[in-house]
Amino acid sequence: MAITEDAPPGAEAGPADAAAGQDGRRLSSPLVLTLTLLLAVLAQSPIRGLLGTPPMQSWMTVFVAVTVQALPFLVFGVLLSAAIAVFVPPSFFARALPSRPALAVPVAGVAGAILPGCECASVPVAGALVRRGVTPAAALAFLLSAPAINPIVLTATAVAFPRDPAMVLARFLASLLVACVMGWLWQRLGRTDWLRPPAHGAHEGATRGETFWNSVRHDTMHAGGFLVLGAMAAATLKAAVPADWLRTAAGNPAFSVLALAVLAVLLSICSEADAFVAASLTQFSPTAKLVFLVVGPMIDLKLFAMQAGTFGRGFALRFAPATFALAVTGAVLTSAVLL
Amino acid sequence: MFLLGAALLHAGGTGLYLRYVKAGLQPLLLASGVVLVAGALATVWYERRRAKTATQEHGHPEPRTSWLLLLPLLALILIAPPALGSYSALRAGTALQKPYALGPLPAGDPAPLSVVDYASRAAFDHGRSLHGRPVRVTGFLALDHAGAPYLVRMALNCCAADAQPVKIALTGTLPPVLRPDAWLEVTGTYSPRLTRDPVNNGPVPYLKVTSARPVPVPHDPYDETWNN
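Chains as they are written, first to last, in our numbering: chain W, 1 to 339; chain L, 1 to 228.
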C-alpha cells in the first residue's frame with residue numbers, strides 16, 4: 001500500500017515536463033526518479049511493516065511474479081516488433097498476404113502459430129503490423145491466434161491433459177476459428193478511427209539503429225506500464241476471490257462455463273501455463289475447461305490494459321467484449337462437436 | 001529502463017527469481033535484462049549525439065503509465081516479497097493429480113521424497129509402493145481453522161500466479177509449537193488415513209510423523225515436478 005503512495009509524485013511530474021518543451025525542465029524526469037527511489041529507500045522499514053500481513057504479502061508475491069514472468073516475453077515481442085518496424089519493408093507484407101482482406105485474415109491467423117510466445121509478446125507485434133500497413137483485420141486475427149495456437153502452448157496443453165488429446169485439437173480449432181471470425185467481423189464493422197495507435201517518434205534523418213532502439217524503448221515503456229496495471233488487478237483477484245465460489249459455480253453447466261470464462265479474464269495467467277490451471281479445476285466439465293483455455297489467451301485484464309495502451313482505449317473497449325462473447329460461443333460450439 | 005534491466009539481471013543472477021517463476025525462465029530473464037540495459041545505453045548514446053548535432057526537437061516524452069514500472073521495481077529491490085506461503089495454500093484446494101506411473105522409491109533410509117511424490121503414492125496407491133519404509137519429506141507448515149497441521153509445498157508451472165498447493169495432513173509426534181510458514185523436514189511412515197480438502201474435495205493423505213526438524217527455506221521453494 002505504502003508503495004502505491006510513493007508513485008503519484010512521479011506520475012504527476014511526468015506529464016508536467018512533457019508539456020514544457022524547454023530544455024531545463026526536461027531534467028526533472030530523472031530527478032523525480034532519483035527522488036522517488038531515495039524516498040522509498042528511506043521509508044523502507046515502515047513500508048515493510050505495512051506489507052507484513054499475509055494477504056498483502058501474497059498480493060505482492062503474485063504481483064511481482066506476474067510482472068517478472070511476463071517481462072521477458074514482452075521484451076521479446078518488443079524486439080520483434082521493432083525489427084519489423086525498421087528492417088522489414090511494407091512491400092513484404094503486401095506480397096506475403098493475399099490482397100483480399102477476407103483471405104488475408106485466415107492466413108494471418110495461421111501465421112500466428114509461428115510466434116513462439118505468450119500473449120504479452122503478440123500485442124506489440126500486432127501493433128507493429130498495423131503500423132506497417134497490414135490490414136487491421138488480419139493483424140487482429142494474428143493478435144488473437146498467436147498466443148493460443150503456437151507449438152509451445154499446444155505442447156503444454158498436451159502435457160496438462162495427458163488422457164485427452166482431443167483437448168489440444170479443440171483448443172487449436174476453437175482459437176483459430178474465433179480469431180478468424182473476429183478478423184472478418186472487424187473487416188465488416190470495424191472503423192479505422194477506433195484504432196488509434198500512438199504516433200511513433202520516427203525522427204527524420206534518424207539512423208536505422210536509432211529508430212530501432214527508439215521503438216524498443218517506446219514500446220517497453222508503453223506496454224510495460226499497462227502490464228503492471230494488469231498484474232496489479234490479477235494479483236488483487238488472486239488474493240481476494242474465495243475459492244469456494246468456484247465449487248458452487250461448478251454445479252450448474254451453463255453457469256460453470258460463464259464462471260470459468262470470467263475467471264480466465266480475471267486471473268490473466270500466461271497462455272503457456274493456463275492449461276495446467278485448467279487441468280487442476282477438476283470439478284468443471286471439459287466444455288468449461290475449453291472455454292477457459294480459449295478465452296484466457298485472447299482477452300484478460302493484463303491484455304486489455306496492454307491493448308488500450310497500444311491501440312487506444314476506444315478500440316479496447318469495443319474489441320474486448322466482442323472477443324469475449326465470440327470466444328465463449330466458439331469454444332462451446334467446438335466442444336459440442338469434439339469433446 | 002536501465003534500472004529495470006539491472007533488477008532483472010540481479011534477480012536472475014542471484015536465484016531470487018526462483019521465488020516467483022520457474023527455473024526454466026532464467027536464461028530468458030537474463031537475456032531481457034541485457035536487452036533493457038542495452039536499450040537504455042543506446043538511448044543515452046543517441047541522445048548525446050543528437051545534443052551534439054544540436055537539432056533540438058525532442059521526441060515525445062514517455063507516457064504517464066510508464067511510471068507504474070517503478071512499482072514492481074521497488075517491490076523487487078526493497079522488499080523482495082517471499083514465496084507464497086500458508087495463507088495462499090489454505091485458500092486453494094490441493095492440486096494432487098493421479099500420476100501416470102510411480103517410479104521406484106529413492107534409495108536411502110528414510111527415503112527422501114517430495115511432498116507431491118509422497119502424496120500421490122499415499123493417495124492413489126494406498127502406500128503399496130512405499131513398502132512400509134520410513135520417508136523424509138520437506139515442506140512448509142500450514143494450520144487450518146481447526147488448527148490441524150498440514151505439510152505443504154506449492155507446485156508451479158510458470159510463475160507464482162499459477163502456483164497450487166499440494167497438502168499432506170500430519171499426525172503422530174509433532175513439535176510442541178507449530179508456526180505456520182515454518183519449513184520442516186519431517187520423517188514418518190505411511191498412514192492409511194485419507195481426508196478431503198475442504199476447498200476442492202481433493203484427496204489429502206496423512207503421514208504419521210516420527211520426528212520433525214526445522215530447516216531453512218530451500219533454494220527453490222516450489223515443486224517443479226510437473227514442469228517438463
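We treat Cβ as the ideally placed atom computed from N, Cα and C, and that holds for glycine.
Span separating the alpha-carbon of W/THR211 from that of W/ARG95: Along the first sequence, one-based indexing puts residue 211 of chain W at 211. Along the first sequence, one-based indexing puts residue 95 of chain W at 95. In a straight line, the C-alpha of W/THR211 is about 24 Å away from that of W/ARG95.
Counting C-beta neighbours from all protein chains within 10 Å, is the total for W/GLU119 16 or more, i.e. buried, or is it exposed? For the purposes of this step, residue 119 of chain W is taken as residue 119 along the first sequence, with counting starting at 1. Counting Cβ neighbours within 10 Å, W/GLU119 comes out buried, since at least 16 surround it.
What are the start and end residues of the beta strand (DSSP E) that includes L/ARG136? Translated into positions along the second sequence, residue 136 of chain L becomes position 136. It spans 135 to 143 - the beta strand (DSSP E) in which L/ARG136 sits, taken as one unbroken run.
Three-state secondary structure assigned by DSSP to L/PRO205: As a position in the second sequence, residue 205 of chain L is number 205, starting the count at 1. Annotated three-state conformation of L/PRO205 is strand, per DSSP.
Burial state of L/THR173 (16 or more Cβ within 10 Å): Numbered from 1 along the second sequence, position 173 holds the residue referred to as residue 173 of chain L. L/THR173 is exposed by the Cβ-count criterion.
Per DSSP, what are the beta-bridge partners of L/ARG153 in this structure? On the second sequence, position 153 is the one that residue 153 of chain L refers to. DSSP, once it has assigned bridges, lists L/VAL166 as partnering L/ARG153.
Excluding sequence positions up to five away, which residues of its chain have a Cβ less than 8 Å from the Cβ of W/ARG188? Taking the first sequence and counting its residues from 1, the one referred to as residue 188 of chain W is at position 188. So the list is empty, once near-sequence residues are dropped.
According to DSSP, is W/PHE324 part of a helix, a strand, or is it coil? As a position in the first sequence, residue 324 of chain W is number 324, starting the count at 1. In the structure shown, W/PHE324 sits in a helix (DSSP, three-state: H, G or I).
Taking all protein chains shown into account, decide if L/ASN201 is buried (16 or more other Cβ within 10 angstroms of its Cβ) or exposed. The count along the second sequence starts at 1 and reaches residue 201 of chain L at position 201. Exposed: under 16 other Cβ atoms inside 10 Å.
Opening and closing residue of the alpha helix (DSSP H) in which L/PRO198 lies: Locating residue 198 of chain L in the second sequence gives position 198, counting from the first residue. Bounds of any alpha helix (DSSP H) do not take in L/PRO198, whose DSSP letter is neither H nor E.
Taking only three categories from DSSP, how would you classify L/LEU113? Here residue 113 of chain L corresponds to residue number 113 of the second sequence, with the count starting at 1. Note: L/LEU113 maps to strand in three-state DSSP.
Measuring straight from C-alpha to C-alpha, what distance separates W/PRO101 and W/ALA137? Taking the first residue of the first sequence as position 1, residue 101 of chain W is located at position 101. Taking the first residue of the first sequence as position 1, residue 137 of chain W is located at position 137. In a straight line, the C-alpha of W/PRO101 is about 7 Å away from that of W/ALA137.
Hey, how far is the Cα of W/GLY24 from the Cα of W/GLY309? Within the first sequence, numbered from 1, the residue matching residue 24 of chain W stands at position 24. Within the first sequence, numbered from 1, the residue matching residue 309 of chain W stands at position 309. Because the pLDDT at W/GLY24 is just 40, under 50, the model does not fix this residue reliably, and the point stays unresolved.
Start-end ranges of the alpha helix (DSSP H) lying completely within the region 256 to 288 of chain W, minimum 4 residues: Segments of the alpha helix (DSSP H) lying fully in the region 256 to 288 of chain W: 274 to 280.
Three or more C-beta pairs closer than 8 Å, one from the region 100 to 109 of chain L and one from the region 184 to 202 of chain L: is that the case here? no
Check whether the Cβ atoms of W/ILE152 and L/ASP162 lie closer than 9 Å to each other. Translated into positions along the first sequence, residue 152 of chain W becomes position 152. Translated into positions along the second sequence, residue 162 of chain L becomes position 162. No, they are not a contact pair.
With a threshold of 9 Å between beta carbons, is L/GLY139 in contact with chain W? In the second sequence, the residue the question calls residue 139 of chain L occupies position 139. False, the Cβ-Cβ gap to chain W never drops below 9 Å.
W/THR157 classed as buried or exposed, judged by whether at least 16 other C-beta atoms fall within 10 angstroms: Taking the first residue of the first sequence as position 1, residue 157 of chain W is located at position 157. Its Cβ being crowded by 16 or more others within 10 Å, W/THR157 is buried.
Can you pull the chain W residues whose beta carbon is under 7 Å from the beta carbon of L/ASP162, in chain order? Your numbering for residue 162 of chain L matches position 162 in the second sequence. Going along chain W in sequence order, the residues near L/ASP162 (Cβ under 7 Å) are ILE269, ALA273, PHE276, VAL277.
Cα-Cα separation between L/PRO61 and W/ASN214, rounded to whole angstroms: Numbered from its first residue, the second sequence carries residue 61 of chain L at position 61. Numbered from its first residue, the first sequence carries residue 214 of chain W at position 214. Low local confidence applies: a pLDDT of 49 at L/PRO61 is under 50, so the model's placement there is unreliable, and no value is given.
Distance cutoff 9 Å, beta carbons only. Does W/ALA148 sit that close to anything in chain L? Mapped onto the first sequence, residue 148 of chain W falls at position 148. No - not a single Cβ of chain L is within 9 Å of the one on W/ALA148.
Is there at least one Cβ from chain W nearer than 9 Å to L/LEU76's Cβ? Here residue 76 of chain L refers to the residue found at position 76 of the second sequence. True, the Cβ-Cβ gap to chain W drops below 9 Å.
My understanding is that W/VAL66 touches W/ALA336, with C-beta atoms under 8 Å, so please give their C-beta distance in whole angstroms. In the first sequence, counting from the first residue as 1, residue 66 of chain W sits at position 66. In the first sequence, counting from the first residue as 1, residue 336 of chain W sits at position 336. With a Cβ gap of about 33 Å, W/VAL66 and W/ALA336 do not count as contacting.
Partners in chain L for W/SER256, counting only beta-carbon separations shorter than 7 Å: Residue mapping note: residue 256 of chain W aligns to position 256 of the first sequence, counting from 1. Those do not exist, as W/SER256 stays about 14 Å from chain L at its closest Cβ, beyond 7 Å.
Report yes or no: do three or more beta-carbon pairs, one from the region 249 to 257 of chain W and one from the region 129 to 149 of chain L, lie closer than 8 Å? Contact between the region 249 to 257 of chain W and the region 129 to 149 of chain L is absent, with fewer than three C-beta pairs closer than 8 Å.
Chain L beta carbons: is any one of them nearer than 9 Å to that of W/ASN214? Position 214 of the first sequence, counted from the start, is the residue given in the question as residue 214 of chain W. W/ASN214 counts as touching chain L.
Reference W/ARG208, options L/LEU29, L/LEU36, L/PRO27, L/ALA42, closest by Cα: Translated into the one-based positions of the first sequence, residue 208 of chain W becomes position 208. Minimum Cα distance to W/ARG208 is reached at L/ALA42.
Tell me which residues share the same chain as W/LEU79 and place their Cβ nearer than 8 Å to its Cβ, disregarding the 5 neighbours each side in the sequence. The sequence position of residue 79 of chain W within the first sequence is 79, counting from 1. Contacts found: VAL216.
Backbone CA spacing between L/ALA95 and W/SER91 [nearest angstrom]: By 1-based counting over the second sequence, the position of residue 95 of chain L is 95. By 1-based counting over the first sequence, the position of residue 91 of chain W is 91. If you take the alpha carbons of L/ALA95 and W/SER91, they lie about 51 Å apart.
Measure from the C-beta of W/LEU342 to each C-beta in chain L and report whether the shortest distance is under 9 Å. This structure cannot speak to residue 342 of chain W, because chain W is shown only from 1 to 339.
Alpha carbon to alpha carbon, what distance is there between W/PHE63 and W/MET56? Numbered from its first residue, the first sequence carries residue 56 of chain W at position 56. Numbered from its first residue, the first sequence carries residue 63 of chain W at position 63. Distance between the alpha carbons of W/MET56 and W/PHE63: 10 Å.
L/TYR118 in three-state terms, based on DSSP: Translated into the one-based positions of the second sequence, residue 118 of chain L becomes position 118. In this structure, L/TYR118 counts as helix in the three-state DSSP scheme.
Helix, strand or coil: how does DSSP classify L/ALA31 here? For the purposes of this step, residue 31 of chain L is taken as residue 31 along the second sequence, with counting starting at 1. Correct three-state label for L/ALA31: helix.
Any chance the region 307 to 327 of chain W sits against the region 276 to 290 of chain W, with 3 or more Cβ pairs inside 8 Å? no
Which of the three DSSP states is assigned to L/VAL181 in this structure? Against the second sequence, residue 181 of chain L aligns to sequence position 181. Before going on, a small fix: residue 181 of chain L reads as Asp here, not Val. L/ASP181 falls in the coil class under three-state DSSP.
So what does L/TYR190 bridge to, in DSSP terms? In the second sequence, residue 190 of chain L corresponds to position 190, counting from 1. According to DSSP, which records beta bridges pairwise, L/TYR190 is partnered with L/LEU207.
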